[in-house]
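Enquirer:
Residue numbers (full-length UniProt numbering): 1 to 67.
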C-alpha cells in the first residue's frame with residue numbers, strides 16, 4: 001500500500017487551540033475528550049489510525065485501556 005504524505009502547512013499561521021495532544025492512543029484520546037468536555041479547544045495528532053499502536057498491543061500490565 002503506498003504511503004501518502006500530508007501537505008506541508010509549516011509556513012501558514014498556527015491554528016488556535018488550548019491543548020494540542022500528540023498521540024491517539026487510549027490515553028491521548030481520553031485526555032483530549034476530557035479537556036474538550038471541560039470547554040477547552042483541543043486538537044489531536046496521530047501518525048496512524050487511532051489506537052493502532054500500543055493501545056492495540058497492550059499487555060494490560062500498565063495501561064489506561066479498555067478491554
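A virtual CB, placed ideally from N, CA and C, is assigned to each residue, including glycine.
Please report the distance separating the alpha-carbon of residue 23 from that of residue 16.
Expert: 19 Å
Enquirer: Let's test the definition: count the other Cβ atoms within 10 Å of the Cβ of residue 45 and tell me whether it reaches 16, buried, or not, exposed.
Expert: Around the beta-carbon of residue 45, fewer than 16 other beta-carbon atoms lie within 10 Å, marking it exposed.
Enquirer: What are the boundary residues of the alpha helix (DSSP H) that residue 32 is part of?
Expert: 26–37
Enquirer: What are the partner residues of residue 40, as DSSP defines its beta bridges?
Expert: None; residue 40 has no bridge partner.
Enquirer: Can you give me the C-alpha to C-alpha distance between residue 1 and residue 28, rounded to a whole angstrom?
Expert: Here residue 1 scores only 49 on pLDDT, less than 50, and its place in the model is too uncertain to base an answer on.
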